[in-house]
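Student:
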Amino acid sequence: MRDESDVSLPTAETLLDWYDRHARTMPWRVPPAQRKNGVMPDPYRVWMSEVMLQQTTVAAVRDYFNKFTARWPRVTDLAAAEDADVMAAWAGLGYYARARNLLKCARAVANDHGGIFPQTYAELIKLPGIGPYTAAAVASIAFDEAATVVDGNVERVMSRIFNVQNPLPDSKSELTELAATLTPTDRPGDYAQAVMDLGATICTPRNPACGLCPWRDNCRARLFGTPAELPHKKPKKAKPKRRGIAYITRRVDGAYLLETRPESGLLGGMLGWPGSEWAETDPLPAPPIRAEWKTLNEEAKHTFTHFHLSLTVLTALVPMERQPERGEFVAEEDFDPSNLPTVMRKAFDLTSGKSRKS
DNA sequence: AAACCGTGGTC
DNA sequence: TGACCAAGGTT
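Mapping of the first sequence onto the working numbering: residues 829 to 1186, in sequence order.
(1) In this structure, does DSSP put residue 1027 in helix, strand or coil?
(2) Give me whichever residues DSSP pairs with residue 1075 in a beta bridge.
(3) If you scan the segment 1035 to 1070 from start to end, which runs of the alpha helix (DSSP H) of 4 or more residues do you find wholly inside it?
(4) Please classify residue 986: is it buried, with 16 or more other beta-carbons within 10 angstroms of its beta-carbon, or exposed?
(5) By how many angstroms is the C-alpha of residue 1159 removed from the C-alpha of residue 981?
(6) Buried or exposed for residue 944, going by 16 or more other Cβ atoms inside 10 Å?
(7) In terms of alpha-carbon separation, which member of 1156, 1100, 884 and 860 lies closest to residue 1079?
(8) In angstroms, rounded to a whole number, what distance separates the CA positions of residue 849 and residue 1012?
(9) Hey, would you say residue 1139 sits closer than 9 Å to residue 1175, going by beta carbons?
(10) Given this structure, state the Cα-to-Cα distance separating residue 990 from residue 845, to the nearest angstrom.
(11) Rounded to the nearest angstrom, how far is the Cβ of residue 1077 from that of residue 1117, given a contact under 8 Å?
(12) How close, in whole Å, do the beta carbons of residue 969 and residue 1017 come, if the pair is a contact with beta carbons under 8 Å?
(13) What did DSSP end up calling residue 1000 once you bin it into helix, strand or coil?
(14) Quick check: the segment 1132 to 1147 against the segment 946 to 965, are there 3 or more CB pairs under 8 Å?
(15) DSSP three-state call for residue 1126: helix, strand or coil?
(16) Between which two residues does the beta strand (DSSP E) harbouring residue 1086 extend?
(17) What residues are listed by DSSP as bridge partners for residue 1158?
(18) Do you know how far the Cα of residue 1019 is from the Cα of residue 832?
(19) Would residue 1021 be called buried (16 or more neighbouring beta carbons within 10 Å of its own) or exposed?
(20) Here's a check: name, in chain order, each residue in its chain whose Cβ is nearer than 6 Å to the Cβ of residue 871, leaving out the five neighbours to either side.
(21) For residue 932, collect the residues of the same chain with a Cβ closer than 6 Å to its Cβ; drop the 5 residues on either side in sequence, then sort them by chain order.
(22) Compute the Euclidean distance between the alpha carbons of residue 1148 and residue 875, then round it to the nearest angstrom.
(23) Let me know the secondary structure DSSP gives residue 838 once reduced to three states.
(24) In chain order, what residues of the same chain lie with their CB nearer than 7 Å to the CB of residue 1120, ignoring the 5 residues before and after it?
Dropping the structure here:
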């Protein structure tokens, strides 16, 4: 071959043949053998899994998916759930706007669509929390629409197959167009899952297993470039360091003082310890109740998407009659640290340590 | 359009 | 150990 123009285009048939032999088993997935016998996946479960999988690994999602579908088997069950129960169940999975939009979407399907999921990309993308990726995933996997899914895997595979040098996110639209040229009308759902499986298991970010790739003879980066270096990405901003104070208050009957955070913004709608603002400057004390505070020796360290946080944890024991200025007491038997977002659980975990200073 | 929004695993 | 990474969406 002289140059990239001599390299033949990859075919969906080749990838689907690989997928038929190597598809991974997942709780929300109908295996290709069953799918070819006409077994269709439940759109509710496809949607649920795809929302959970946004920016999240399969390993992290599995238990949450099983928990949610066991507790809320149908979209109408989820639509009828209490907000606080859904947020508590989502705790630890991150990107909590997904949980808020999950509920909004379930209620929209229940109220505006008779409890039946819309079946086209054009209708799905109108729903809360469903963007271009999720609409294409649900439309193709659950309804056999020839929609093109473009996630991080697909971007990586396409950038290598076509040896795209333009960095992300500038190249996003170009990669989307390239991906669309390969999308088949036959078995589009299996094809979508196949490309993502390929990216997850063969065409990995580091050390891609090009020798095992069903598209190895169609990959311009493998034949003429350096696949492991693709896709190029524009540099990201450095994360600043912020600090804050969290107040963990115990009442003598064992209740904990917690507050539900505002609907929007960081950890929106989640339960947490009352505290100061989180800023790059020294935090101003903001005790939620009058008490004698003890400062824990160790700080809770946590990294969010766009900043590092160091949280000073103050604890106190208060009498029954003391009224808080913020938050509400949660009875000991109703308190479960696994219902807290991770940074709040980290702060709580420090209180079980023995050493503290006055 | 760029910023915001979590977490755990990996090297 | 710190930076990168993952089946993105919203504002």
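All C-beta atoms in this analysis are idealised placements derived from N, C-alpha and C, irrespective of residue type, glycine included.
Tutor: Looking at the atomic coordinates:
(1) Counting from one through the first sequence, the residue named residue 1027 turns up at place 199. Note: residue 1027 maps to helix in three-state DSSP.
(2) As a working mapping, residue 1075 is identified with position 247 in the first sequence. 1142.
(3) 1048 to 1052
(4) Counting from one through the first sequence, the residue named residue 986 turns up at place 158. Residue 986 is buried by the Cβ-count criterion.
(5) Taking the first sequence and counting its residues from 1, one reaches residue 981 at position 153. Taking the first sequence and counting its residues from 1, one reaches residue 1159 at position 331. Computed Cα separation, rounded: 45 Å.
(6) As a working note, residue 944 is residue 116 in the first sequence. Looking at its Cβ environment, which holds fewer than 16 other Cβ atoms inside 10 Å, residue 944 is exposed.
(7) Here the question's residue 1079 lines up with position 251 in the first sequence. Comparing Cα positions, the closest option is 1156.
(8) As a first step, residue 849 is located in the first sequence; it is residue number 21 there, counting from the start. As a first step, residue 1012 is located in the first sequence; it is residue number 184 there, counting from the start. Those two C-alpha atoms are separated by around 19 Å.
(9) By one-based count along the first sequence, residue 1139 stands at place 311. By one-based count along the first sequence, residue 1175 stands at place 347. It is a contact, given that the beta carbons lie within the stated cut-off.
(10) Counting from one through the first sequence, the residue named residue 990 turns up at place 162. Counting from one through the first sequence, the residue named residue 845 turns up at place 17. Spanning the two alpha carbons is a distance of roughly 21 Å.
(11) One-based indexing of the first sequence puts residue 1077 at position 249. One-based indexing of the first sequence puts residue 1117 at position 289. Rounded, the Cβ-Cβ distance is 6 Å, consistent with contact.
(12) Looking up residue 969 in the first sequence gives position 141. Looking up residue 1017 in the first sequence gives position 189. Yes, residue 969 and residue 1017 are in contact; Cβ-Cβ is about 4 Å, under 8 Å.
(13) The sequence position of residue 1000 within the first sequence is 172, counting from 1. The answer is helix: DSSP assigns residue 1000 an H, G or I state.
(14) no
(15) As a first step, residue 1126 must be located in the first sequence, where it is residue number 298. Residue 1126: coil per DSSP, three-state reduction.
(16) As a first step, residue 1086 must be located in the first sequence, where it is residue number 258. Counting along the chain, the beta strand (DSSP E) containing residue 1086 begins and ends at 1084 to 1088.
(17) As a first step, residue 1158 must be located in the first sequence, where it is residue number 330. In the DSSP output, where bridge partners are listed per residue, residue 1158 has 1084.
(18) Here residue 832 refers to the residue found at position 4 of the first sequence. Here residue 1019 refers to the residue found at position 191 of the first sequence. Rounded to whole angstroms, residue 832 to residue 1019 spans 25 Å at the Cα level.
(19) Translated into the one-based positions of the first sequence, residue 1021 becomes position 193. When all chains shown are included, residue 1021 counts as buried.
(20) Taking the first residue of the first sequence as 1, we reach residue 871 at position 43. The residues are 945 and 970.
(21) Here residue 932 refers to the residue found at position 104 when the first sequence is read from its first residue. Contacts found: 956.
(22) Position 320 of the first sequence, counted from the first residue, corresponds to residue 1148. Position 47 of the first sequence, counted from the first residue, corresponds to residue 875. Residue 1148 and residue 875: Cα-Cα distance of roughly 46 Å.
(23) Taking the first residue of the first sequence as position 1, residue 838 is located at position 10. Reduced to three states, the DSSP call for residue 838 is coil.
(24) Within the first sequence, numbered from 1, the residue matching residue 1120 stands at position 292. Excluding positions up to five away in sequence, the list reads 1144.
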